[in-house]
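Below: the structure, in structure tokens.
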Amino acid sequence: MPISSEAVPVLVIALPFVGSCLAVLLRTNMRTAEAFLAGFIAIVALVLLLISFPRVVDGGIVQYRAQWVPE
Numbered sequence: 377m378p379i380s381s382e383a384v385p386v387l388v389i390a391l392p393f394v395g396s397c398l399a400v401l402l403r404t405n406m407r408t409a410e411a412f413l414a415g416f417i418a419i420v421a422l423v424l425l426l427i428s429f430p431r432v433v434d435g436g437i438v439q440y441r442a443q444w445v446p447e
């Protein structure tokens, strides 16, 4: 399933929030699992940014326009 270029900024911004919500669900003595979760979130965000990198290098703009936000 390909990711649209409009979804990349939303995913990069929302991913740390989702990761922090998942970290809250872990028990307090699971430091290793929290570290792996944080690393996984960081790697996924990096991959998402690398997906949009060629478009930015070519002079394109990666943006998201929400239809419900008034101009």
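Using this note's numbering, the first residue of the sequence shown is number 377, and each one after it goes up by one.
Ideal placement from N, C-alpha and C gives every residue a C-beta, glycine not left out.
Only a predicted model underlies this, so the values are computations on that prediction, with no experimental measurement involved.
Inter-segment contact for the region 396–409 and the region 424–437 is absent: fewer than three beta-carbon pairs are separated by less than 8 Å. The shortest C-alpha to C-alpha distance from Val394 to any of Ser380, Gly435, Val420 is the one to Val420.
Approximately 6 Å separates the beta-carbon atoms of Val388 and Leu425; this is inside 8 Å, confirming the contact. Cα atoms of Gly415 and Ala390: separation of roughly 16 Å, rounded to the nearest angstrom. Annotated as proximal: Pro385 and Val438, with beta-carbon spacing under 9 Å. For Arg407, the uninterrupted alpha helix (DSSP H) segment begins and ends at 407–433.
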